[in-house]
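> Let me begin by handing over the structure; questions about it come next.
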Amino acid sequence: MKNITVIGAGTMGNGIAHTFAQFGYKVNLVDLSKEVLEKGITTITKNLDRMVTKGSISEDDKNNTLNNITSLTDLKEGVSNSDLVVEAATENKELKLKIFKDLNNLCRPDTILATNTSSISITQIAAVVDTPENVIGMHFMNPVPIMKLVEVIKGYNTSDKVLNTVMEISKNLNKVPVEVNDYPGFVANRILMPMINEAVETLYNGVAGVKEIDTVMKLGMAHPMGPLQLADFIGLDVCLSILNVMYDGFKNPKYAPCPLLVNMVTAGKLGVKSGEGFYDYSESRKAENISKMFL
1 MKNITVIGAG TMGNGIAHTF AQFGYKVNLV DLSKEVLEKG ITTITKNLDR MVTKGSISED
61 DKNNTLNNIT SLTDLKEGVS NSDLVVEAAT ENKELKLKIF KDLNNLCRPD TILATNTSSI
121 SITQIAAVVD TPENVIGMHF MNPVPIMKLV EVIKGYNTSD KVLNTVMEIS KNLNKVPVEV
181 NDYPGFVANR ILMPMINEAV ETLYNGVAGV KEIDTVMKLG MAHPMGPLQL ADFIGLDVCL
241 SILNVMYDGF KNPKYAPCPL LVNMVTAGKL GVKSGEGFYD YSESRKAENI SKMFL
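Structure follows, in structure tokens:
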């Protein structure tokens, strides 16, 4: 299995493409937008340059990685010879279902179809294809080239053969795959998102400020970054989407998103990607300046 297609050249997609290419796989990186593709390749190049500077890879390794990636805007061309497709589009259920319906018509019957979804049901996605046994979740963590974990999510119909293949591929990428079952939020976000939501509630209720909440969790719980900073890094829109999936899936009010989070997303305050969330990133991408709305 050497031919990989990654659909979506955004933050997760270009990171996944980078990782597969770095470990010798031939990667087709597909996105409808040429601009997004160009930005994705630029990001991959910058990340590889950083690795060369640190001495973790050589200049030849960098060039080989880039040579292993082909960027395409045509989905049919991009998946025609793929052994594995990893969908890494926006965390939107209807969009993902449409992509998998298209893949069903364009891919070989034996192609493994993986989704990088962080919360949406693998079983539901698999229901729109003729070979649900070939559908699986590969939830990479951001930043993909650095983070070791891959949540491997087995849908109701996913075959053991496909599960074992994806577990081995993940190990080939120098990742640590963890098998989990198909329930809303899986493991990572089922635990993480309620914590982030509770941090937003704590701010909303006036218990403490942005910096104070993050400091307590960093110094008291040994977290590398506070939950509000992490929410900004993930994207508040993504956090809201995942919470909504869990709330709809479990019908449990503990997963209901905080009104402050809903309002911030509605107002376009999405975190690092928009330049402002709980912190202001207009001068630095580091969480140094608290957003003026929380001062």
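Last residue of the sequence shown: 295 (UniProt numbering), numbering continuous.
Glycine is no exception: its CB is placed at the ideal position from the N, C-alpha and C atoms.
Just the Cα atoms here: how many angstroms apart are ASP248 and TYR255?
Near 9 Å, if we compare the C-alpha coordinates of TYR255 and ASP248.
> Roughly how far, in whole angstroms, is the beta-carbon of LYS161 from the beta-carbon of ASP83, given that I think they are within contact range, below 8 Å?
Not really, about 13 Å apart at Cβ, beyond 8 Å.
> Buried or exposed: which applies to ILE196, given that a residue is buried once 16 or more other Cβ atoms fall within 10 Å of its Cβ?
With 16 or more other Cβ atoms within 10 Å, it is buried.
> Among residues of its own chain, excluding the 5 on either side of ILE290, which ones have a beta-carbon nearer than 8 Å to its beta-carbon?
Hits under 8 Å: GLY209, VAL210, LYS211, PHE278, TYR279 and ASP280.
> Buried or exposed: where does PRO109 fall if 16 or more other Cβ atoms within 10 Å of its Cβ makes it buried?
Its Cβ having fewer than 16 others within 10 Å, PRO109 is exposed.
> Let me make sure I understand the geometry here. Which of LEU228, TYR183, GLY8 and VAL272 has the alpha-carbon closest to that of VAL200?
Checking every option, the nearest Cα to that of VAL200 belongs to LEU228.
> Am I right that LEU29 and LEU37 are in contact with their C-beta atoms under 8 Å? What's the rounded C-beta distance?
With a Cβ gap of about 7 Å, LEU29 and LEU37 count as contacting.
> Looking only at DSSP bridge pairs, what is ASP280 linked to?
In DSSP, ASP280 forms a bridge with GLU276 and ASN289.
> Go to ILE153, then tell me how far its beta strand (DSSP E) extends in each direction, as first and last residue.
From DSSP, the beta strand (DSSP E) with ILE153 extends over 149-154.
> Quick one: complete beta strand (DSSP E) runs, 3+ long, within the segment 118-178?
Fully enclosed beta strand (DSSP E) runs of 3 or longer: 135-140 and 149-154.
> Taking GLU151 and VAL187 to be in contact with their CB atoms under 8 Å, please state how far apart those CB atoms are, rounded to whole angstroms.
Confirmed, Cβ separation roughly 6 Å.
> Identify every run of the alpha helix (DSSP H) within the segment 11-73, keeping only runs that are complete inside it and at least 4 residues long; order them along the chain.
Listed in chain order, the complete alpha helix (DSSP H) runs (minimum 4 residues) inside the segment 11-73 are 11-22, 34-54 and 59-67.
> Can you tell me whether GLY235 is helix, strand or coil according to DSSP?
Coil, per DSSP.
> Would you mind giving the Cβ-Cβ distance between ASP182 and THR123, rounded to the nearest angstrom? I have them listed as a contact below 8 Å.
Yes, they are in contact, since the Cβ atoms of ASP182 and THR123 sit about 5 Å apart, within 8 Å.
> Take the Cβ of THR42 as the centre, count every other Cβ of all protein chains shown within 10 Å, and call the residue buried at 16 or more, exposed below.
Classification for THR42: exposed.
> By DSSP, does VAL86 sit in helix, in strand, or in coil?
Here VAL86 sits in strand by DSSP.
> Is the beta carbon of ILE7 less than 8 Å from the beta carbon of TYR25?
No, the pair does not count as a contact, with Cβ atoms beyond the cut-off.
> Measure the C-alpha to C-alpha separation of ASP74 and SER119 and round it to an integer number of angstroms.
Near 27 Å, if we compare the C-alpha coordinates of SER119 and ASP74.
> Beta-carbon within less than 8 Å of ASP102's beta-carbon, same chain only, minus the 5 sequence neighbours each way: which residues are those?
Cβ neighbours of ASP102 beyond the five flanking positions: LEU75.
> Could you have a look at LEU270 and say whether DSSP puts it in helix, strand or coil?
Looking at LEU270 - three-state DSSP - the assignment turns out to be coil, as it is neither helix nor strand.
> Quick check on DSSP: helix, strand or coil for LEU295?
DSSP places LEU295 in coil when its eight states are reduced to three.
> Between ILE112 and THR65, which are expected to be in contact by the criterion C-beta below 8 Å, what is the C-beta distance as a whole number of angstroms?
Contact doesn't hold; Cβ gap of about 22 Å is too wide.
> Using a 10 Å radius around the Cβ and a threshold of 16 neighbouring Cβ atoms, would you call ILE191 buried or exposed?
So ILE191 counts as exposed.
> Below 8 Å, can you find three or more Cβ-Cβ pairs linking the segment 228-238 to the segment 258-271?
Yes, the segment 228-238 touches the segment 258-271.
> Taking 7 Å as the limit between beta carbons, can you name the residues of its chain near VAL135, skipping five residues before and five after?
Within the same chain, VAL135 has close Cβ partners LEU113, ILE122, ILE125, ALA126, VAL129, GLY155 and THR158.
> Could you spell out where the alpha helix (DSSP H) holding THR115 opens and where it closes?
Careful: THR115 lies outside any alpha helix (DSSP H), inside the beta strand (DSSP E) at 112-115.
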